[in-house]
Amino acid sequence: MRKTVLLALMACAANALATPQTGVEPTYTEWHDLQVNEVNRFPLHTSFFAFENEAMARRGDKTASANYLSLHGAWKFNWVKDADRRPTDFHRADYDDSTWKTLQLPGIWELNGYGDPVYVNVGYAWLHHFKNNPPQVPVENNHVGTYRRHIDLPADWNGKQVIAHFGSVTSNIYLYVNGQYVGYTEDSKVAAEFDITKYVKPGRNLIAFQSFRWCDGSYSEDQDFWRLSGVARESYLYARNPNIHIENVRIVPDLKNDYKDGEVAIHVTAKGNPIAEFSLYNAAGVKLLNSTLDFRKNHVGSAHYTLRNVKAWTAETPYLYKAVVTLKDRKGNVVESTTQNVGFRKVEIRGAQLLVNGKPVLIKGANRHEMDPDGGYVVNRERMVQDIKIMKRLNINAVRTCHYPDDPLWYDLCDEYGLYVVAEANQECHGLGYGDDSDAKKPQFAKQIMERNQHNVEAHFNHPSIITWSLGNETVDGPNFVAAYDWVKAADPSRPVQWEMGKKKPHTDIVCPMYRSPEESEAYAKSDAPEDQRPFIQCEYNHTMGNSSGGLQDYWRLIRKYPKLQGGFIWDFVDQALHRKPGKLMSLKVDEHTPYSQLLGIEYCYGGDYNTYDGSDNNFNCNGIIGPDRQLNPHAYEVAYQYQDIWVTPVDLKKGVVEVYNEYFFRNLSNYKLVWNVLADGKSVQQGEVGDLTVAPQEKARLTLPIRDVDANEVLLNVRFVTKTAEPLVEAGQTVAYEQLTLKAFTPKKAMAADGKVKIADKKKDAELLLTAGGMTVAFNRASGLMTRYEVDGRNYIAEGGSLRPNFWRAATDNDMGAGFAKRFKVWNNPEMKLLSLTAETRKEGKAAPAEVTAVYDMPVVGAQLTLRYRVDASGKVNVSQLLEPKAGAKAPDMYRFGMVMDMPYRMDRTTFYGRGPIENYADRKASQLVGVYSSTADDMFYPYIRPQETGTFSDLRYWRQADDEGNGLQVTADQLFSASALHYNIADLDDGEAKEQRHSHQIPKSRYTVLCIDGAQYGLGGQDSWGAWPFEQYRLHFGKKAFSFTMAPLR
């Protein structure tokens, strides 16, 4: 490797966002003063730790350093309900805390018995109890937590500078050491650091601090998540040489010469006129260069390096170099050393596209809140790694840190494993409204908005994974954000800045709206307007609340078509529900293979579950692609499919020719193999693999698979792409993409009547109309016209008290509720059906003489006539035809479904079906599910969404078999592809009615039946949003003439 080294000095002042003030005492007005957001806060800097020597710095474990002292563990803790009842002399050495309890750091008050978790989306946690009046916040119910702990400092820290680091404290912190006031700070999602050198002494020291549930900073923290309090991230003390030390390190990477050569500038601010040694290592630990810089006359020094033919960093190829900065005194003795990861990458906006290393990458993103079902805001490293592993499993390549800076460790992991990051400032004033008179638009908020953006950029500047800065979320736009944009662009010209509320104004480099429809997205893509010549990347879209994510394929069809459309960030990654008993470790290890019936045993809580006093937006914080314990919600599989990076299309399937497209931008397919198999009527009859897939990025290649002719009704080709060898967080043999191609299309077969005559007993005085033949009996209730008995060979397929009846309803999904369908469509919930006639006749068909029963109904509430026709043969086979005919001029709303529902015996709960599976799927969310033969049970097809709703439907069915454990039951076929479900729950029990109730899946009583739904069609799920958007037009079920026919045949 050739290298060029250029050293230069920068004669500029050290950057400091806070200036320590000495001799200042708290006024205790700081917590409701928008102009005082920090007092004596240590100057903000990039995330680094100064080790004793280079060897320890390169190992990177600060907990092994003698300069580190953890503050984790038990603290004496006092909690009061109201701010005016807080202890005021708690910091004194002689204060008696013997009656106080203890609380672990890190730890959240509400999850340890101190107050209740509160969830509101728009508005503040004091909703309905206090009128917004910034900077004032409530005193009543403004809980205050007070902490005390004695810390023994190591003997060798005597004479060193000592810094206290609190990674995240909500909502503020007043810090005291040995009875003396140190300082105050807000902005709960960046580290609070204080220089406590002048307050500590050798040996034993008292650290005490106090934190308020709410302060004026809470007005800028109105994010859509649980409102919790406490200390959430790493807290520790660290020591260093007071005279010679690193104050800040900034890394600015770049790529030149067609993105082949790397340039990096390392800017170091240091104290004490030291000698600095710079080294750069590759990932294998080989030192590539070394240089020395003398700080004799300056506090700031820079090293500029050019490396030929570097390995660039991308989310696909996250190659990291390591920069080491070591300070020495004038005698050459090592004082301290630190490291920073260096990823050579370049971010640009050119030609209305966002480019990474010159390529218009697709943002296959998700929003991620920091949330754990036990810890709340406390999310440990294992959970973070698990989240990234799941993102890799789901082909997610980008994450937005909604709506605040994350734990610094998260960015380290994104650097290491490869995720593009939109790094967002801790800024949201949604509850103050968007009007021109919104308080957030006024000058009093200017300082807070500016400082929070400065904190975000200064702390996380060095991470190559961060490709975009975000000014915040859902706050009224105005001059405060124009100023913040200007500051960020000046501080970091190397990255774009986005601001959702900036819309198409100049102070956003990316047009990043929320929840725009495919039609709106396409209109932007086609626009020639000057303000529309920027990348269009939705900061939130595809709201995955409950049974959702319908229509995702419609977005990605357009994204892959139009260059300006480059993807978006799904809302959101994980359901935020909490365990009912936080901290109690579950014996159940949850993953994507955990049976749904076992998930039902986990009790999750959402907004409103803890009390009825606080405001609540109920389960609106459960919008995850995955569940709270990181189980994959059913729609996760659709995300993985739509986001995949390898695609296969047919060229000439008769000859086995297919085309493979590599959608990656920076890696070829050499570590993948193509595994294929042929299905004949659902059974695998051929298989093979292609081991050599050296397809270059963004290129296509044709392959010929040795497929033999197969004689079957339907023949399908399944293609999977799997890893040959393991990659970081991706196992060997893991499927990363797949497709199903049709070799021969399915043709429904008409059911023929069995030989033999069916007798009709149609006596008006009897309660039932009976059909019999051999061991078969079918009965229709004369009053309702419904089929109520279906017996063959002594087995009744309709349970006692049950029936087969028309069904137009489903338990409303969260999207249904948001769109008001429970009210709009309510006429279809068990609509009145007036029986007009019930007739029976025998039809002669050769040797067969089936009976035909016809029931005609008037449906006055919708203005239609419904005709049900049952054709029953001597073997017990029943063909059911359903015809809906609107009356002239009749108008009615859409219906959820058009089909029938039957109450089968509970024991007939074993299902085998030939259709799309194995995960539930619907008209607008089924592309990820391949046609095949699958088996399950009524219990394991019920997915326990956080709030009960429609679940368990499977579509594009060829047949559906419902039986007991001995195989006795029914097979359902149709003259078209159909959908069905079979659960141990009644629709009415799953349904909340016209408004949501505070319910959970584990609370729903099981039916005494296996409830079989057979649908000719069902309404789409939708997913554009969950508060008004309808499923896209092509997935709706409008009122009109409709017909559906299916056949039930006994399994013997």
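In mature numbering (1 follows the signal peptide of the UniProt record, and there is no 0), the protein residues as written are -18 to -1, 1 to 1034.
Note that the Cβ used here is the ideal one computed from N, Cα and C, for glycine as well.
Given the structure is predicted, the values throughout are model-derived calculations rather than measurements.
| Check | Outcome |
| --- | --- |
| Contact check, N603 vs Y588, beta carbons under 8 Å | yes |
| Near the ligand NAP: E681 beta-carbon under 7 Å from a heavy atom | Among the ligands in the structure shown, none appear at all, so the ligand NAP cannot be discussed. |
| Cutoff 6 Å; reference G532; Cβ partners in own chain excluding five residues on either side | D906, R907, G1002, L1003, G1004, G1005 and P1013 |
| Nearest-angstrom beta carbon gap, L972 and I986 [assumed within contact, 8 Å] | 6 Å |
| Straight-line Cα distance separating W61 from Y96 | 7 Å |
| Closer than 8 Å to chain C by CB, S983 | Structure shown: chain C not included; a single protein chain is present. |
| Buried versus exposed, by CB contacts within 10 Å (16 or more), Q1016 | exposed |
| Nearest neighbour of residue 1109, chosen from E834, G244, P478 and Y544 [CA to CA] | The structure shown does not extend to residue 1109, since the chain is modelled only from -18 through 1034, so no value can be given for it. |
| From Q520, H412 and H54, residue whose alpha carbon lies closest to that of D1007 | Q520 |
| Cβ contact check for the region 249 to 256 and the region 271 to 283: 3 or more pairs under 8 Å | yes |
| Host beta strand (DSSP E) of K682 (start-end) | K682 to T686 |
| Three-state secondary structure assigned by DSSP to L(-10) | Unreliable positioning characterises L(-10) in this predicted model, as indicated by a pLDDT of 27, which lies under 50. The coordinate reading is nonetheless provided below. Strand. |
| 4-residue-minimum alpha helix (DSSP H) runs that sit fully inside the region 354 to 390, ordered along the chain | 363 to 375 |
| E410 beta carbon less than 8 Å from that of S202 | yes |
| Cross-strand partners of H227 (DSSP beta bridge) | K253 |
| Whole beta strand (DSSP E) elements within the region 247 to 328, 3-residue minimum | 257 to 263, 269 to 276, 282 to 289, 303 to 310 and 316 to 324 |
| Limits of the beta strand (DSSP E) - the one that N789 falls within | L786 to N789 |
| Beta-carbon contacts of D98 that lie in its chain and below 7 Å, excluding the five residues immediately before and after | E92, Y592, N593 and D596 |
| Between the CA atoms of L336 and I492 - distance to the nearest angstrom | 8 Å |
| Contacting residues, own chain, Cβ-Cβ under 6 Å from V343 (five flanking each side not counted) | F647 |
| Assigned exposure category for E259 - 16 Cβ within 10 Å defines buried | buried |
| Cβ neighbour criterion (16 or more within 10 Å) applied to P120 | buried |
| Spatial distance of L289 from R215 (CA atoms) | 37 Å |
| CA nearest to the CA of G413, picked from K485, G105 and L675 | G105 |
| Own chain, CB closer than 6 Å to A920, minus 5 neighbours either side, in chain order | D891, A964, L965, H966 and T992 |
| Exposed unless 16 or more other CB atoms sit within 10 angstroms - verdict on K171 | buried |
| Complete runs of the alpha helix (DSSP H) confined to the region 961 to 1030 [at least 4 residues] | 969 to 972 |
| Distance CB(V843)-CB(E867) smaller than 8 Å | no |
| Element boundaries [alpha helix (DSSP H), containing D798] | D796 to G800 |
| Contact under 8 Å by Cβ, V633 with M353 | no |
| Residue of P355, V329 and I226 minimising C-alpha distance to T309 | Here residue 309 is Leu; the residue named in the question, Thr, does not match the sequence. Nearest option by C-alpha distance: I226. |
| With 16 other Cβ atoms within 10 Å as the buried cut-off, status of T9 | exposed |
| 8 Å CB neighbourhood of P224 in its chain, flanking five on each side removed | G141, K142, Q143 and T179 |
| Proximity to L656 [Cα-Cα], best of A75, Y263, A977 and G670 | G670 |
| For L87 and N94, believed in contact at Cβ under 8 Å, the rounded distance | Not a contact, Cβ separation roughly 11 Å. |
| N861 beta carbon less than 8 Å from that of A1029 | With the sequence shown as reference, residue 1029 is identified as Thr, and Ala is not the correct amino acid for it. In this structure, N861 lies closer than 8 Å to T1029 by Cβ. |
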